[in-house]
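Each protein sequence line maps, in turn, to chains A and B. 553 is the number of the first residue of the first sequence in this note's numbering; add one for each residue after it. 3 is the number of the first residue of the second sequence in this note's numbering; add one for each residue after it. Using N, Cα and C, we set each Cβ at its ideal position, and we do this for glycine too.
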Amino acid sequence: MAKSKIRIENVCKTYEGKNEVHAVKNASLTVNEGEVVVIIGPSGSGKSTLLRSVNKLEFITSGKIFIDDEEVSSPDCDIRKVRENVGMVFQSFNLFPHLSVLQNVSIAPVKVKHIDRKQAEAKSMELLKRVGLADKANSYPNQLSGGQQQRVAIARALAMDPEIMLFDEPTSALDPEMIKEVLDVMLNLARSGMTMLIVTHEMGFARAAADKVIFMDSGEIIEQGTPSEVFDHPQSPRTQEFLNHIL
Amino acid sequence: MEASPKKVSFSKLVSVDPRSPKKGNITINMTDGVLIPKKDTHVFNSWRTTFLGAIVLLACLLIFKPDPYLQILKVCASGIPVTFECTIFAIIGAIFIGLFCGLGSVSKHRILNRISGVYVELIRGIPLLVQLIFIYYALGKILHVEGLLASIISMAICFGAYMGEIVRSGIQAIPKGQMEAAIALGMSRSQAFVNVILPQAVKIILPSIGNEFISMLKDSSLVSTIALSDILRRGREYIARTFLSLETMLVVALIYLIITLMLSRLVGLMEERLNSNG
Numbered sequence: 553m554a555k556s557k558i559r560i561e562n563v564c565k566t567y568e569g570k571n572e573v574h575a576v577k578n579a580s581l582t583v584n585e586g587e588v589v590v591i592i593g594p595s596g597s598g599k600s601t602l603l604r605s606v607n608k609l610e611f612i613t614s615g616k617i618f619i620d621d622e623e624v625s626s627p628d629c630d631i632r633k634v635r636e637n638v639g640m641v642f643q644s645f646n647l648f649p650h651l652s653v654l655q656n657v658s659i660a661p662v663k664v665k666h667i668d669r670k671q672a673e674a675k676s677m678e679l680l681k682r683v684g685l686a687d688k689a690n691s692y693p694n695q696l697s698g699g700q701q702q703r704v705a706i707a708r709a710l711a712m713d714p715e716i717m718l719f720d721e722p723t724s725a726l727d728p729e730m731i732k733e734v735l736d737v738m739l740n741l742a743r744s745g746m747t748m749l750i751v752t753h754e755m756g757f758a759r760a761a762a763d764k765v766i767f768m769d770s771g772e773i774i775e776q777g778t779p780s781e782v783f784d785h786p787q788s789p790r791t792q793e794f795l796n797h798i799l
Numbered sequence: 003m004e005a006s007p008k009k010v011s012f013s014k015l016v017s018v019d020p021r022s023p024k025k026g027n028i029t030i031n032m033t034d035g036v037l038i039p040k041k042d043t044h045v046f047n048s049w050r051t052t053f054l055g056a057i058v059l060l061a062c063l064l065i066f067k068p069d070p071y072l073q074i075l076k077v078c079a080s081g082i083p084v085t086f087e088c089t090i091f092a093i094i095g096a097i098f099i100g101l102f103c104g105l106g107s108v109s110k111h112r113i114l115n116r117i118s119g120v121y122v123e124l125i126r127g128i129p130l131l132v133q134l135i136f137i138y139y140a141l142g143k144i145l146h147v148e149g150l151l152a153s154i155i156s157m158a159i160c161f162g163a164y165m166g167e168i169v170r171s172g173i174q175a176i177p178k179g180q181m182e183a184a185i186a187l188g189m190s191r192s193q194a195f196v197n198v199i200l201p202q203a204v205k206i207i208l209p210s211i212g213n214e215f216i217s218m219l220k221d222s223s224l225v226s227t228i229a230l231s232d233i234l235r236r237g238r239e240y241i242a243r244t245f246l247s248l249e250t251m252l253v254v255a256l257i258y259l260i261i262t263l264m265l266s267r268l269v270g271l272m273e274e275r276l277n278s279n280g
């Protein structure tokens with residue numbers, strides 16, 4: 553059996569306040585090494601919350617999350633060490649606007665891994681080549697298009713040599729004509745054997761790249777299976793309804 | 003799902019100039035509102051009109067009635083270096099205090115947070131003149147510090163609170179995603195602060211610090227009521243000798259006006275340069 557990289561067990565997340573919101577209800581899923589898992593579902597279904605709790609950008613209320621058999625949800629876990637190994641790409645890119653593209657990509661290896669700046673920049677150039685943006689190395693983020701910014705953000709996450717990549721709706725803030733360039737980079741990454749957990753609304757991408765598709769609605773995992781199982785033969789009426797709406 | 007990055011409302015802390023062309027072009031105004039001249043391409047925009055008016059008026063006074071005015075100008079202008087010295091050192095102190103205070107108020111550390119909060123509330127709740135005099139006398143009594151140094155310290159303490167608020171709103175104006183992206187890369191919170199948040203915050207708050215400098219320069223005249231031999235004090239001493247109150251105060255006002263107008267122009271240029279660099 554393949555080695556599991558991410559294991560989410562019975563995770564619940566409740567936002568406290570006047571109206572308690574159960575963002576995630578009793579979710580369990582496993583991502584094996586080299587697997588691409590795509591989470592789909594309507595807005596507000598807790599997909600992003602679940603994804604963000606993997607590298608502890610959100611704190612879960614109950615349940616357990618393991619990365620490589622280390623429990624990240626435990627308070628003793630050195631989350632910084634884990635985060636070095638888990639790249640994350642955000643919906644709003646979140647590039648550092650005061651740094652050049654090259655500096656954006658190389659800052660984490662230099663500051664966190666204490667790699668020599670020259671060496672880090674050489675490696676960053678390679679990564680920028682890989683996402684097709686070597687010629688933009690000295691530009692600043694606000695001089696780039698959305699698609700280019702997101703590709704830089706992917707290169708920035710890859711610069712830490714992560715074993716896992718998390719994508720939080722990476723194409724939702726992009727104009728339609730830029731979505732493809734980002735998805736192509738992600739597809740290449742998936743083919744290179746990267747373990748990926750992706751929240752997206754791009755069903756075509758999910759079908760093409762995913763090993764497993766997970767459908768979430770109102771905080772619950774309703775259905776999971778291979779793309780053809782979920783897209784072509786959805787079992788739950790809620791999945792069917794959702795797919796009817798968007799396809 | 004968080005559909006789009008939410009626009010946080012900073013309206014209480016930050017006034018966003020609607021005329022500013024670019025997004026993220028935020029001006030923070032704490033004490034006196036906008037002192038920085040607005041872009042106005044007309045030859046006689048308000049800044050130029052005021053500045054020329056002040057210069058011309060002063061020149062006319064000196065040329066046509068040199069008898070008291072030349073003497074008054076000489077006396078009062080001798081206070082300019084003192085005013086600047088006090089303001090410059092006080093703002094350096096205020097920036098230091100403000101940095102700690104601002105970091106404290108965004109800190110998750112409960113005690114630090116409380117200390118800076120109480121400090122800001124305390125300072126903002128007491129009239130500036132009352133504080134200045136109180137701190138000045140307290141310094142004299144407890145630490146035996148007097149004169150210029152005491153004025154500088156009391157101004158720094160008073161303006162440190164406002165500076166702290168500027169630093170805080172500058173930090174809070176940085177989108178939350180920046181911190182998230184930095185810590186998701188494995189940085190500690192302090193690394194993220196130093197490498198990602200502060201450099202961006204500085205850019206936002208620099209014009210406000212310039213603004214604050216101008217406010218402080220004007221408010222330094224308050225200290226002259228107790229200690230500082232600055233422009234206003236020189237004028238008042240002159241009045242005491244000659245009883246030329248109206249004439250002297252006119253010159254004092256013109257000197258302050260000309261200085262602040264020049265400085266506000268400078269801050270405006272600085273802001274323009276910052277904005278043009280991306």
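Inter-residue spacing [alpha-carbon to alpha-carbon] between A:Gln701 and A:Pro649 = For the pair A:Gln701 and A:Pro649, the Cα-to-Cα distance works out to about 10 Å.
Using beta-carbon positions only, say whether A:Leu749 and A:Val576 come within less than 7 Å of one another.
-> The answer is no: Cβ separation not under 7 Å.
How would you write the range of the beta strand (DSSP E) that A:His574 sits in, first residue to last?
-> For A:His574, the enclosing beta strand (DSSP E) stretches over residues 573-584.
Any C-beta of chain A under 7 Å from that of B:Val198 = Chain A, which has a Cβ nearer than 7 Å to the Cβ of B:Val198, makes this yes.
Quick one: using the 10 Å Cβ neighbour count with 16 as the cut-off for buried, is B:Ala186 buried or exposed?
-> The residue in question, B:Ala186, is buried, as its Cβ has 16 or more Cβ neighbours within 10 Å.
For A:Pro801, which residues in chain B fall below 7 Å Cβ to Cβ?
-> Nothing about residue 801 of chain A can be reported from this structure: the residues present for chain A run from 553 to 799 only.
So is B:Cys62 buried or exposed if we call it buried at 16+ other beta carbons inside 10 Å?
-> With fewer than 16 other Cβ atoms within 10 Å, it is exposed.
Could you tell me if B:Thr51 is buried or exposed, where buried requires 16 or more neighbouring beta carbons within 10 angstroms of its beta carbon?
-> Taking all protein chains shown into account, B:Thr51 has fewer than 16 neighbouring C-beta atoms within 10 Å of its C-beta and is therefore exposed.
Any idea which residues DSSP pairs A:Gly777 with across the strands?
-> Residue pairing of A:Gly777 in beta bridges, as defined by DSSP: A:Val765.
Should A:Glu587 go down as buried or exposed, given a rule of 16 or more other Cβ atoms within 10 Å for buried?
-> Classification of A:Glu587: buried, given that the 10 Å Cβ count is 16 or more.
If you measure from the beta carbon of B:Met189 to each beta carbon in chain A, is any gap under 7 Å?
-> Taking Cβ atoms only, chain A reaches closer than 7 Å to B:Met189, which makes this a yes.
Are the CB atoms of A:Val737 and A:Ile706 nearer to each other than 7 Å?
-> Taking the C-beta atoms as reference points, A:Ile706 is found nearer than 7 Å to A:Val737.
Tell me whether the beta-carbon of B:Gly188 lies closer than 7 Å to the beta-carbon of B:Gly100.
-> Not closer than 7 Å, so no.
Using the rule of at least 16 other Cβ atoms within 10 Å of the residue's Cβ for burial, across every protein chain shown, is A:Leu679 buried or exposed?
-> That one is buried.
If the cut is a Cβ gap below 9 Å, which residues of chain B does A:Lys670 touch?
-> By Cβ distance, chain B contributes nothing, its closest Cβ being about 18 Å from A:Lys670, past 9 Å.
Compute the Euclidean distance between the alpha carbons of A:Glu610 and B:Gly95, then round it to the nearest angstrom.
-> Distance between the alpha carbons of A:Glu610 and B:Gly95: 38 Å.
Considering only the beta carbon of each residue, do A:Val751 and A:Glu721 sit closer than 7 Å?
-> Yes. Within cutoff.
Separation of A:Asn694 from B:Lys25, as counted between CA atoms | Residue placement at B:Lys25 is poorly supported in this model, since its pLDDT is 45, which falls under 50; the coordinates still yield a value, given next. Their backbone Cα atoms lie some 11 Å apart in a straight line.
Collapsed DSSP secondary structure at B:Thr51 in the structure displayed | In the structure shown, B:Thr51 sits in a helix (DSSP, three-state: H, G or I).
Which residue spans inside the stretch 579-628 of chain A form an unbroken beta strand (DSSP E) run of at least 3?
-> DSSP runs (the beta strand (DSSP E)) wholly in the stretch 579-628 of chain A: 588-592, 614-619.
Contact set for A:Val573: own chain, Cβ-Cβ below 6 Å, skip 5 residues either direction = The answer, listed in chain order, is Tyr567.
Taking Cβ positions, are B:Val132 and B:Leu141 nearer each other than 7 Å?
-> No, these two residues do not count as a Cβ contact at 7 Å.
Taking A:Met712 as the query, report the chain B residues whose CB atoms sit under 9 Å from its CB, ordered along the chain.
-> Residues of chain B whose Cβ lies closer than 9 Å to the Cβ of A:Met712 are, in chain order, Leu187, Gly188.
Limits of the unbroken alpha helix (DSSP H) element including B:Met218 = That run of the alpha helix (DSSP H) goes 200-225.
Coil, strand or helix - A:Ser556 by DSSP = A:Ser556 sits in a strand when the DSSP states are folded into three classes.
Count the other CB atoms within 10 Å of the CB of B:Gly104; is the residue buried (16 or more) or exposed (fewer)?
-> Residue burial annotation: B:Gly104 is buried, with at least 16 other C-beta atoms found within 10 angstroms of its C-beta.
Please work out which residues of its chain come closer than 7 Å, Cβ to Cβ, to B:Ser80, disregarding the five sequence neighbours upstream and downstream, and give them in chain order.
-> The residues Arg236, in chain order, have a CB closer than 7 Å to that of B:Ser80 in the same chain once the five nearest residues on each side in sequence are set aside.
Using 8 Å as the Cβ pair cut-off and three pairs as the minimum, do the stretch 782-794 of chain A and the stretch 759-770 of chain A touch?
-> With contact defined as three or more Cβ pairs closer than 8 Å, the stretch 782-794 of chain A and the stretch 759-770 of chain A are in contact.
Contact list for A:Ala660 against chain B, beta-carbon separation under 9 Å = Those are Ala184, Leu187, Gly188, Met189, listed as they occur along chain B.
State the start and end residues of the unbroken alpha helix (DSSP H) segment that holds A:Ile631.
-> According to the DSSP assignment, A:Ile631 belongs to the alpha helix (DSSP H) that extends over 631-636.
Going by the CB atoms, is the gap between B:Gly166 and B:Ile207 shorter than 7 Å?
-> With contacts defined as CB atoms closer than 7 Å, B:Ile207 and B:Gly166 fail to qualify as a contacting pair.
Going by beta carbon distance, what residues of the same chain come within less than 7 Å of B:Leu271, once the five residues before and after it are set aside?
-> Same-chain partners within the cutoff: there are none.
Taking the alpha helix (DSSP H) that B:Val120 falls in, what are its first and last residues?
-> Judged by DSSP secondary structure, B:Val120 falls within the alpha helix (DSSP H) whose first and last residues are 112-126.
Span of the alpha helix (DSSP H), counted from its first residue to its last, around B:Asp69 = First-last of the alpha helix (DSSP H) with B:Asp69: 68-79.
Where the alpha helix (DSSP H) through B:Thr85 begins and ends = 82-108 is the span of the alpha helix (DSSP H), which, as asked, contains B:Thr85.
Interface residues of chain A around B:Pro201 at Cβ under 9 Å?
-> Result: Phe648, His650, Leu651.
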